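For reference, the structure discussed in these notes is given below.
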Amino acid sequence: MIDKKLRGSAAIVGVGHAGLGDATGFSEMEIMVQAAQRAVADAGLTMQDIDGIATASVAATMWVMPAIEHLGIRPTFIDSTMIGGSSFVAHLMPAIQALESGQCNAVLVCYGSTQRTSTVNRAAVGNMRKMMDPQPYENPYNPLSPLSSYALAANRHMHQYGTTRENLAEVAVAARKWAQMNPEASMRDPLSIEDVLNSKMVSDPLTVRDCCLVSDGAGAYVLVRADRAKNMKQKPVYVLGNSTAIWNRQISSMHDLTVTAAQQSGKIAFEMAGVKPADIDVVEVYDAFTINTILFLEDLGFCKKGEGGAFVSNGNIAPGGILPVNTNGGGLSCVHPGMYGIFILIEAVRQLRGSCGERQVDGAQLAVVHGNGGTLSSQATAILGTAETL
Amino acid sequence: MAQDNATLTVGAEKYFHEQLAQGHFLIQRCKACSTSIFFPRMICPHCGSGDIEWYAPSGKGTVYATTTVRKKPEAGGDYNVALIDLEEGPRMMSRVEGIAPAEVKIGQKVQASVKTAEEGNIVIFTVAGE
């Protein structure tokens, strides 16, 4: 089940993003292509060197085809798996296998969205999705999608483990403090626990400040075999472990709202990498809502189940705390264009390159990246490391 | 009224909604492993068997998780969304009515009923009598 031979067999050698925050006047394809071009240039390659692609779109089911047209490539490896925001973390393993088998030599993984400024409003997209991706046993009760599902998980976690709204707010405040050190982050004003508690309630117990941003943005990365990565332009960031797990689609089908499939994906990814949570220097998890960070830190093994609320408190995951989490400011304060998974990978790569400026985690060698999709549905974990960790 | 999947001429989803339209709330049970199943489907998610029967549950349930969706009064006001654990085992999304949304709490005993609505009947719950 765990193929240790693939540990460190591929490396991320280029990253790029475009249109972060507000991309007025540009289509999502256009900003994605800009991000892709930057990632390829960052790797010291040209677009003609790209012979593998993985991408997915919230709305367009055949998105990879126009993407190939726009990029002008003729790939021999094509993956358009769409499992929500974790897709771009899940895209790693098939790409690694394709590289290892010789099916291709350089894979571009990319995503873009103009969710914030698009002329198609989000309510219209939501209504279309109800038809295209029906959930006939939940939709009649009008849960806010996806927000109410996460609110239900938070409610259950609070009941079962005594987690408080202050604990949830700590996650948002820590993300903001990291964002204040990231010039690319959207939200950099000071934010206090009280500000979060007193902001507008949307679906109890989650306020607007417990929820991620709605932004534009595109991101991309380039993956090649490790032997080639050694002699390229950037310091390579190796993929030491990767695993994806899905146990449910609907929140009502989740066996236990306090336990996600990240327990499975995390366990396998850590086993493949041969490291444990205590070895990790920097953590990038998909914080669509504040409860996510708590659930994933528990499920990935950074603390025991039920202790996530206390674990994130007292500034423990903020700058200067015991564990650096979401160092770009996260989906809560940096950027969140519909599906955020690609941005956690980009941030982890930058941390391991040592290029994060003021927010750089000193001596970061090992990072865990964890993507989430749907309503706590898809979970994808990656362990990344520098050459020293091979 | 209660049938087996094998005797139906329509899929589980259509049968569920046809029954609901007539005021009946039915769930499924696997005849191979005896596990009750909701939402309705074609094979048992526990053992893979296709030998599935339908029956009317007791309607007794317990609130597993709850949230109040905040809406302005002019947009219809706040409403409840809850996950209910049925006495027979399965969990379902629903709404607890008859009390303020904020008064819905985890652990409350609730009772199902079929609510007639223009956009289609739905199963809702009210707080169970002592």
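From first to last, the protein sequence lines stand for chains A and B.
One gets the working numbering by counting positions in the first sequence from 1 and adding 89 to each.
One gets the working numbering by counting positions in the second sequence from 1 and adding 15 to each.
By construction, the Cβ of each residue, glycine as well, lies at the ideal position given by its N, Cα and C atoms.
Everything numeric in this text was worked out from a predicted model, so none of it was measured.
Helix, strand or coil at residue i [DSSP, three-state]
i: A/Ile-162; result: coil
i: B/His-61; result: coil
i: A/Phe-391; result: coil
i: A/Asp-131; result: helix
i: A/Asp-368; result: helix
i: A/Tyr-200; result: strand
i: A/Trp-267; result: helix
i: B/Thr-83; result: strand
i: A/Leu-236; result: helix
i: A/Gly-398; result: helix
i: A/Ser-467; result: strand
i: A/Thr-144; result: strand
i: A/Glu-119; result: helix
i: A/Gly-419; result: helix
i: A/Thr-478; result: helix
i: A/Val-424; result: coil
i: B/Asn-20; result: helix
i: A/Lys-319; result: coil
i: A/Leu-441; result: helix
i: A/Asp-451; result: coil
i: A/Lys-94; result: helix
i: A/Asp-138; result: helix
i: A/Val-429; result: Before going further, note that residue 429 of chain A is Tyr rather than Val in the sequence given. Looking at A/Tyr-429 - three-state DSSP - the assignment turns out to be coil, as it is neither helix nor strand.
i: A/Val-285; result: helix
For residue i, the residue or residues it bridges with in DSSP
i: A/Ile-101; result: A/Leu-312 and A/Val-326
i: B/Val-138; result: B/Val-129
i: B/Ile-48; result: The sequence as given places Cys at residue 48 of chain B; Ile does not occur at that position. None, per the DSSP bridge assignment.
i: B/Val-106; result: It should be pointed out that residue 106 of chain B corresponds to Arg in this sequence rather than to Val. For B/Arg-106, which the question treats as bridged, DSSP gives the partners B/Asp-100.
i: A/Thr-296; result: A/Met-290
i: A/Glu-373; result: A/Val-458
i: A/Phe-378; result: A/Cys-300
i: B/Trp-69; result: B/Gln-43
i: A/Gly-174; result: A/Ile-172
i: A/Thr-333; result: A/Ala-469
i: B/Glu-112; result: B/Thr-141
i: A/Val-414; result: A/Val-372
i: A/Asp-278; result: DSSP output for A/Asp-278 lists no bridge partner at all.
i: B/Gly-76; result: B/Leu-101 and B/Val-125
i: A/His-106; result: A/Gly-308
Cα-Cα separation, residue i to residue j
i: A/Ser-292; j: A/Ser-341; result: 16 Å
i: B/Lys-66; j: B/Ile-52; result: Note on identity: in this sequence residue 66 of chain B is Asp, with Lys being the wrong assignment. So the two alpha carbons sit approximately 12 Å from each other.
i: A/Pro-426; j: A/Met-220; result: 22 Å
i: A/Met-321; j: A/Arg-127; result: 15 Å
i: A/Asp-278; j: A/Thr-416; result: 16 Å
i: A/Gly-141; j: A/Ala-184; result: 8 Å
i: A/Asn-405; j: A/Asn-331; result: 26 Å
i: A/Asn-228; j: A/Leu-386; result: 30 Å
i: A/Gly-191; j: A/Tyr-250; result: 49 Å
i: A/Ser-169; j: A/Ile-431; result: 14 Å
i: A/Gly-395; j: A/Ala-156; result: 43 Å
i: B/Glu-134; j: B/Thr-22; result: 28 Å
i: A/Ser-116; j: A/Asp-305; result: 10 Å
i: A/Tyr-239; j: B/Ile-99; result: 16 Å
i: A/Met-121; j: A/Pro-235; result: 24 Å
i: A/Ile-380; j: B/Glu-112; result: 27 Å
i: B/Met-108; j: A/Arg-314; result: 46 Å
i: B/Gly-63; j: B/Pro-55; result: 14 Å
i: A/Ile-172; j: A/Ala-469; result: 10 Å
i: A/Gly-398; j: A/Asp-316; result: 42 Å
i: A/Gly-114; j: A/His-106; result: 17 Å
i: B/Glu-103; j: A/Asp-222; result: 28 Å
i: A/Lys-482; j: A/Thr-347; result: Chain A is shown from 90 up to 479; residue 482 of chain A falls before or after that span and cannot be answered.
i: B/Gly-26; j: A/Asn-244; result: 35 Å
i: B/Trp-69; j: B/Gln-18; result: 5 Å
i: A/Asp-376; j: B/Gln-37; result: 43 Å
Next item on the list: Give the residues from the region 198 to 222 of chain A that approach chain C closer than 8 Å (Cβ to any Cβ), ordered along the chain.
Entry: Annotation note: the requested chain C is absent from the structure, which comprises protein chains A and B.
Note to self: Along the region 73 to 87 of chain B, where does the CB come closer than 8 Å to a CB of chain A? Name the residues.
What the structure shows: Tyr-79, Ala-80, Thr-81, Thr-82, Thr-83, Val-84 and Arg-85
Margin query: Short of 9 Å Cβ to Cβ, which residues in the region 25 to 38 of chain B face chain A?
Written below: Glu-28, Phe-31 and His-32
Next item on the list: Name, going along the chain, the residues of the region 289 to 314 of chain A whose beta-carbon falls closer than 9 Å to a beta-carbon of chain B.
Entry: Lys-289, Met-290, Val-291, Ser-292, Asp-293, Pro-294 and Leu-295
Item checked: Under 8 Å (Cβ pairs) to chain B, residues found in the region 236 to 264 of chain A -> Ser-237, Ala-240, Leu-241, Ala-242, Asn-244, Arg-245 and His-248
Next item on the list: Give, in chain order, every residue of the region 95 to 124 of chain B whose Cβ lies closer than 7 Å to some Cβ of chain A.
Entry: Val-96, Leu-98, Arg-106, Met-107, Met-108, Ser-109, Arg-110 and Ile-121
Note to self: Using a Cβ-Cβ cutoff of 9 Å, what residues of the region 452 to 474 of chain A are near chain B? List them in chain order.
What the structure shows: none
Next item on the list: May I have a chain-ordered list of the alpha helix (DSSP H) segments no shorter than 4 residues that lie completely inside the region 181 to 231 of chain A?
Entry: 181 to 190 and 211 to 221
Notebook entry, point to check: Can you list, in chain order, the residues of the region 340 to 370 of chain A whose Cβ is nearer than 9 Å to any Cβ on chain B?
Noted result: Ile-340, Ser-341, Ser-342, Met-343, His-344 and Leu-346
Checklist line | Residues within the region 133 to 146 of chain A neighbouring chain B, beta-carbon criterion of under 7 Å | finding: none
Notebook entry, point to check: Using Cβ-Cβ distances below 7 Å, what residues of the region 42 to 61 of chain B are close to chain A?
Noted result: Phe-54
Checklist line | Within 8 Å of chain B by C-beta, residues of the region 382 to 405 of chain A in sequence order | finding: none
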